[in-house]
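Chemist: Here's a structure for you.
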């Protein structure tokens, strides 16, 4: 049943979503026509905990916002973790922000002529505690204390809307004191996969649709980067060998609601589509690219978007544009920052405890003086608990998180692995050589990992024969221990919350529009998707699936039964977070975070691992010795949804326990 729904949702919606996609990608997407009436969703239970004076003086916002109101909002968010600002105030902040952002250029121009310094922050990913630590240490923004926030404000963390509202409010209250860059997670497809849409639907159940429409407008108009004193470029991801700042300055950024969909040309002029694709790649490379140690520029196959750019590409870019260095974010670093390419590329990452508590520090960067000297400030939210962890414990947390990711990939490919194991063990002894095990793992998963080095963590090796007990590949994996980096969600959770696709699919299957699905109609749907099922589906299995969905046993399946069965299909789904699915895309892409993380674990000894290299709290930027990269944040944040391998899309997490447990009914 689980496999059936996964294949159904992966392969049928591409004929049903075109209307909604075109409306989403249209720039005239009815923001001006949006109904601005919003329901109050304040938490009555929380109000009961307040004293009378606090209840009688509920927080109210007036526009334009002032500094006093901003400070009150920040204090409310700090003191009351579950506080929800009224939806009408949220909408007003978003609308005011859209109007302001529309007037900004594609590349912000920041100057330190007055302030003599500027602070750069990296990914926050919904971690409000980190933002509050930064403000506590470094002060609130102002023209004398300007900030650049370098994208990825939401997703994964639990307080993305609070982070976004605080940053937008700061931009409105302190003109010239806050510069916001777009990151690859300021994207509605990414939000559906990595948790922000779920957060909005949870906190603003009755108003989320309208608020998300406004948030999409904010995303469209966020500048793509910031240039400080014409000397330093700050972008979220990086550059490529084709990055052209003049072209970036002139393109129309407002048409990119999501970078994961190719732009639809508004012009019928010859060559218009080609120009759109060239511009699209410029934006893609800025938001998605990563630096590499070696020279050259190659496609970023791991992320499925952007490039890997080498020191030679950086040098040529800086010389061509007469700049000193590039600041980017986009990757989690154990110390909160990294300096590479002979001090010409700086990575800054501001979300501490990104993988687990104590797994990494956050940092921000201060550019000081006329030469924009670099000073790094490190911190860790919840530092009291994290300080009790030793270096080895911190390494262990990151390692454990990556191993859980790998377990998820193994279970997603279990059927294929079992077939491959049998091929190399035709006598079914249960044992194969280490080399054979490594080849099978790579052939079945295609992850490109150092399997020989990882075998001790994944399988049991016989002490006498030194052969691998290949069934142990699956034995030590319990489904509740499989998870992803914070916020990734399962097929079941993501798509049940956003049930539009399911309703559309139901209507397609229900050919006679009776409001019920019969066995014949169900059979036709199965014929459409049977080639995408992991195993051929028999008539008996077909009847069984239909019977399981027929909750009231009347011989027909109505919409409520269809949706409810989907929700119930995997009772452990709340604990299984290794497979992210985009509601807005017509494909399912298994998360491949493990590749870089596991390589980092396997290849870095304690002596050369960046995780255990001690550094000073405040440093000027000097090039460290070349060393392996620290584990990345979700090293595949998202595959380009137009370039998904169909074979990986067909791999499902595991057989549903519901199906096996009910067969005896």
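Residue numbers (our numbering): 25 to 689.
Here a beta-carbon is modelled for each residue, glycine too, at the ideal position from N, C-alpha and C.
Just so it is clear, the structure is predicted and the values come from calculations on it, not from any experiment.
Please state if the CB of residue 456 and the CB of residue 492 are separated by a distance shorter than 7 Å.
Modeler: For the purposes of this step, residue 492 is taken as the residue at position 468 of the chain shown. For the purposes of this step, residue 456 is taken as the residue at position 432 of the chain shown. For residue 492 and residue 456, yes; Cβs fall inside 7 Å.
Chemist: According to the neighbour-count rule (16 or more other Cβ atoms, all chains shown, within 10 Å of its Cβ), is residue 202 buried or exposed?
Modeler: Within the chain shown, residue 202 is the residue found at index 178, counting from 1. So residue 202 ends up on the buried side.
Chemist: Under 8 Å: do the segment 109-123 and the segment 148-158 share three or more Cβ pairs, one atom per stretch?
Modeler: no
Chemist: Give a yes or no on whether the C-beta atoms belonging to residue 116 and residue 228 are separated by under 7 Å.
Modeler: Translated into the one-based positions of the chain shown, residue 116 becomes position 92. Translated into the one-based positions of the chain shown, residue 228 becomes position 204. No, the Cβ-Cβ distance between residue 116 and residue 228 is not below 7 Å.
Chemist: Taking the alpha-carbon positions, what's the residue 364 to residue 370 distance?
Modeler: Along the chain shown, one-based indexing puts residue 364 at 340. Along the chain shown, one-based indexing puts residue 370 at 346. Spanning the two alpha carbons is a distance of roughly 6 Å.
Chemist: With distances taken between CB atoms, is the gap from residue 207 to residue 176 smaller than 7 Å?
Modeler: Locating residue 207 in the chain shown gives position 183, counting from the first residue. Locating residue 176 in the chain shown gives position 152, counting from the first residue. A contact, by the Cβ cut-off of 7 Å.
Chemist: Applying the criterion that 16 or more other CB atoms from any shown protein chain within 10 Å of the CB defines a buried residue, is residue 582 buried or exposed?
Modeler: Residue mapping note: residue 582 aligns to position 558 of the chain shown, counting from 1. Answer is buried; the Cβ neighbour count reaches 16.
Chemist: Measure how close the beta-carbons of residue 332 and residue 340 come, nearest whole angstrom, since I'm counting them as under 8 Å.
Modeler: For the purposes of this step, residue 332 is taken as the residue at position 308 of the chain shown. For the purposes of this step, residue 340 is taken as the residue at position 316 of the chain shown. The Cβ separation is near 15 Å, so there is no contact.
Chemist: Can you tell me which of 548, 257, 542 and 498 puts its alpha carbon nearest to the alpha carbon of residue 726?
Modeler: Outside the modelled stretch of the chain, which goes from 25 to 689, sits residue 726, for which no answer is possible.
Chemist: Please determine if the segment 253-262 and the segment 298-316 are in contact, where contact requires at least 3 C-beta pairs separated by less than 8 Å.
Modeler: yes
Chemist: Helix or strand or just coil, what does DSSP make of residue 498?
Modeler: Indexing the chain shown from 1 puts residue 498 at position 474. Three-state result, residue 498: helix.
Chemist: From this set, 144, 285 and 156, which residue's C-alpha is nearest residue 169's C-alpha?
Modeler: Working through the chain shown from its first residue, we reach residue 169 at position 145. Among 144, 285 and 156, the Cα nearest to that of residue 169 is on 144.
Chemist: With DSSP collapsed to three states, give me the class of residue 323.
Modeler: On the chain shown, residue 323 is found 299 positions in, with the first residue counted as 1. For residue 323, the three-state secondary structure derived from DSSP is strand.
Chemist: Give the DSSP bridge partners of residue 362, in chain order.
Modeler: The residue given as residue 362 occupies position 338 in the chain shown. 371, per the DSSP bridge assignment.
Chemist: Please report how far the alpha carbon of residue 460 lies from the alpha carbon of residue 430, in whole angstroms.
Modeler: The residue labelled residue 460 in the question sits at position 436 within the chain shown. The residue labelled residue 430 in the question sits at position 406 within the chain shown. Roughly 19 Å between the two C-alpha positions.
Chemist: In terms of residues, what are the limits of the beta strand (DSSP E) holding residue 399?
Modeler: Residue mapping note: residue 399 aligns to position 375 of the chain shown, counting from 1. Its beta strand (DSSP E) spans residues 397-403.
Chemist: Residue range of the alpha helix (DSSP H) that residue 113 falls in?
Modeler: In the chain shown, counting from the first residue as 1, residue 113 sits at position 89. If you look at residue 113, you'll find it in the alpha helix (DSSP H) that goes 111-126.
Chemist: For residue 353, which residues does DSSP report across the bridge?
Modeler: As a position in the chain shown, residue 353 is number 329, starting the count at 1. Paired residue(s): none; residue 353 is not in a bridge.
Chemist: Got a sec, what are the start and stop residues for the beta strand (DSSP E) residue 250 sits in?
Modeler: Translated into the one-based positions of the chain shown, residue 250 becomes position 226. Per DSSP, residue 250 belongs to the beta strand (DSSP E) from 249-252.
Chemist: I need the straight-line Cα distance from residue 497 to residue 444, nearest angstrom please.
Modeler: As a first step, residue 497 must be located in the chain shown, where it is residue number 473. As a first step, residue 444 must be located in the chain shown, where it is residue number 420. Distance from the CA of residue 497 to the CA of residue 444, rounded to the nearest whole angstrom, comes to 13 Å.
Chemist: To the nearest angstrom, report how far apart residue 380 and residue 359 are at their CA atoms.
Modeler: As a working note, residue 380 is residue 356 in the chain shown. As a working note, residue 359 is residue 335 in the chain shown. Straight-line Cα distance between these residues: approximately 14 Å.
Chemist: Look at residue 142 and residue 391 and say whether their C-beta atoms are less than 7 Å apart.
Modeler: For this step, residue 142 is matched to residue 118 along the chain shown. For this step, residue 391 is matched to residue 367 along the chain shown. Cβ distance < 7 Å, so residue 142 and residue 391 count as in contact.
Chemist: Rounding to the nearest angstrom, what Cα-Cα distance links residue 130 and residue 213 in this structure?
Modeler: On the chain shown, residue 130 is found 106 positions in, with the first residue counted as 1. On the chain shown, residue 213 is found 189 positions in, with the first residue counted as 1. If you take the alpha carbons of residue 130 and residue 213, they lie about 22 Å apart.
Chemist: What's the gap between the Cα of residue 357 and the Cα of residue 198?
Modeler: Taking the chain shown and counting its residues from 1, one reaches residue 357 at position 333. Taking the chain shown and counting its residues from 1, one reaches residue 198 at position 174. Computed Cα separation, rounded: 30 Å.
Chemist: Does residue 110 pass the burial test, meaning 16 or more other C-beta atoms within 10 Å, or should it be called exposed?
Modeler: Counting from one through the chain shown, the residue named residue 110 turns up at place 86. Label assigned to residue 110: buried.
Chemist: Within 10 angstroms of its Cβ, does residue 494 collect 16 or more other Cβ (buried), or is it exposed?
Modeler: For the purposes of this step, residue 494 is taken as the residue at position 470 of the chain shown. Per the 10 Å Cβ criterion, buried.
Chemist: Nearest to residue 171 by alpha carbon, out of 219, 135, 186 and 189?
Modeler: Taking the chain shown and counting its residues from 1, one reaches residue 171 at position 147. For the residues 219, 135, 186 and 189, the minimum Cα distance to residue 171 belongs to 135.
Chemist: How about residue 353 and residue 146: do their beta carbons lie closer than 7 Å?
Modeler: Residue mapping note: residue 353 aligns to position 329 of the chain shown, counting from 1. Residue mapping note: residue 146 aligns to position 122 of the chain shown, counting from 1. Judged by their CB atoms, residue 353 and residue 146 are nearer to each other than the 7 Å cut-off.
Chemist: List the DSSP bridge partners of residue 166.
Modeler: For the purposes of this step, residue 166 is taken as the residue at position 142 of the chain shown. Looking at the DSSP assignment, residue 166 forms a beta bridge with 169.
Chemist: In chain order, what are the residue ranges of uninterrupted alpha helix (DSSP H) at least 4 long that sit wholly in the segment 218-242?
Modeler: 220-227
Chemist: Should residue 441 be labelled buried (16 or more other beta-carbon atoms within 10 Å of its own) or exposed?
Modeler: As a working mapping, residue 441 is identified with position 417 in the chain shown. Looking at its Cβ environment, which holds 16 or more other Cβ atoms inside 10 Å, residue 441 is buried.
Chemist: How about residue 465: is its Cβ closer than 6 Å to a heavy atom in the ligand COA?
Modeler: Annotation note on the ligand COA: not contained in the displayed structure, which lists no ligands.
Chemist: DSSP has residue 141 in a bridge; who is on the other side?
Modeler: Residue numbering aside, residue 141 sits at position 117 when the chain shown is read from its first letter. DSSP, once it has assigned bridges, lists 392 as partnering residue 141.
Chemist: Quick check on DSSP: helix, strand or coil for residue 541?
Modeler: In the chain shown, the residue the question calls residue 541 occupies position 517. Residue 541 falls in the strand class under three-state DSSP.
Chemist: Give every residue of the same chain whose Cβ lies closer than 6 Å to the Cβ of residue 113, excluding the five residues on either side of it in the sequence, and list them in chain order.
Modeler: Locating residue 113 in the chain shown gives position 89, where the first residue counts as 1. If we look at residue 113 and ignore the five residues flanking it on each side, its Cβ neighbours are 85.
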